[in-house]
Structures are given as C-alpha cells and as structure tokens.
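Visitor: Have a look at the structure that comes next, please.
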Amino acid sequence: MAKFFALSSAILLVTAVLVSNFRKADAFIPNSGAYTPNLSYFFGVRPAGNVLCFERTIPKGTTTPVNVYYTNPVAAGLINFVTVNADRYAKYGFRVSILSGALGTVTLNFQLTGKAVLPYNVVFQYWCV
C-alpha cells in the first residue's frame, strides 16, 4: 500500500510540473514578430502643423509579412511621423521595421511581421508637413 501511495505521489508531482511548464511555454518561443507584445509603434515626433497624408489598413486575416509603401506626391511633403496600431488587444503583437526610405523624406516603406495570419486590423498612418 505504501508503494502505491509513493507511486501515486510521484505521478502527481510529475503531472504538476508538466502542467506548470505548459503555461510557461511562451518563455521558450523564439523572439520573432509573432511573439512580441507590442500592438502599437510610433516613428518620429508629430509637430503640431503636420497633417495626415496617408492611411492604410491591413485587414484582419491577412497573411504576413506585409510591405507598406508610400511616397508623398508633394515634393515638399516630408514624412515626419508614422503610427502603426492594432485595432484591438491580442495576446500576440507584431513587429514593424523600416524597409527603405527615412523620416524627413517623401518616401518611407515598412514591413509588418507577426502571426502567420493577423488576428486584428493594423492601421498605418503617415503624418506629413
């Protein structure tokens, strides 16, 4: 009888350890766009006189990665500020990186990476002089 209780206790302990480690599975996932908690990004500083010159929504269900390209047709319309926001909270966020161009120019292109299929809309807003 004592062996039965010892074996039952050992099985219970192993089960408890395994279950607690499954809850911590996120700690072992590689650091990629799909596993960041970030749901918004801000590039640059928005001066008071800037206006919204371009907006694009990447819809829920889109396969990543997604490239977002914009060149302001107004030669003097420099892009000074960009916001990228998810439209709702989710456990996993996304990453945004600049592919080409730069702040303070008329062209700025981004790449959005995240879960294979986006579980939310992502809105890019470009603010220009």
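Count the sequence shown with mature numbering (1 follows the signal peptide of the UniProt record, and there is no 0) and you get residues -27 to -1, 1 to 102, in order. A virtual CB, placed ideally from N, CA and C, is assigned to each residue, including glycine.
Answer yes if the segment 8 to 23 comes into contact with the segment 32 to 47, meaning at least three C-beta pairs across the two stretches below 8 Å, and no otherwise.
Guide: no
Visitor: Identify whether V47 lies in helix, strand or coil by the three-state DSSP scheme.
Guide: Taking the first residue of the sequence shown as 1, we reach residue 47 at position 74. Three-state DSSP puts V47 in coil, outside helix and strand.
Visitor: Does F15 come out as helix, strand or coil in the three-state DSSP assignment?
Guide: The residue given as residue 15 occupies position 42 in the sequence shown. Here DSSP, grouped into helix, strand and coil, assigns F15 to strand.
Visitor: Between which two residues does the beta strand (DSSP E) harbouring G99 extend?
Guide: Position 126 of the sequence shown, counting from 1, holds the residue named residue 99. The question names Gly, but residue 99 in the sequence shown is Tyr. First-last of the beta strand (DSSP E) with Y99: 95 to 101.
Visitor: What three-state label does DSSP hand T35 in the structure shown?
Guide: As a first step, residue 35 must be located in the sequence shown, where it is residue number 62. In this structure, T35 counts as coil in the three-state DSSP scheme.
Visitor: Just checking my contact of N82 with L72 at CB under 8 Å: how many whole Å lie between their CB atoms?
Guide: For the purposes of this step, residue 82 is taken as residue 109 along the sequence shown, with counting starting at 1. For the purposes of this step, residue 72 is taken as residue 99 along the sequence shown, with counting starting at 1. The Cβ separation is near 4 Å, so the contact holds.
Visitor: From what residue to what residue does the beta strand (DSSP E) around N82 run?
Guide: The residue labelled residue 82 in the question sits at position 109 within the sequence shown. Per DSSP, N82 belongs to the beta strand (DSSP E) from 81 to 86.
Visitor: Out of V95, Q98, V90, Y42, which has the shortest C-alpha to C-alpha gap to G34?
Guide: Along the sequence shown, read from residue 1 onward, the residue named residue 34 stands at position 61. Cα-wise, what sits closest to G34 is V90.
Visitor: DSSP state of F67, grouped into three classes?
Guide: By 1-based counting over the sequence shown, the position of residue 67 is 94. Note: F67 maps to coil in three-state DSSP.
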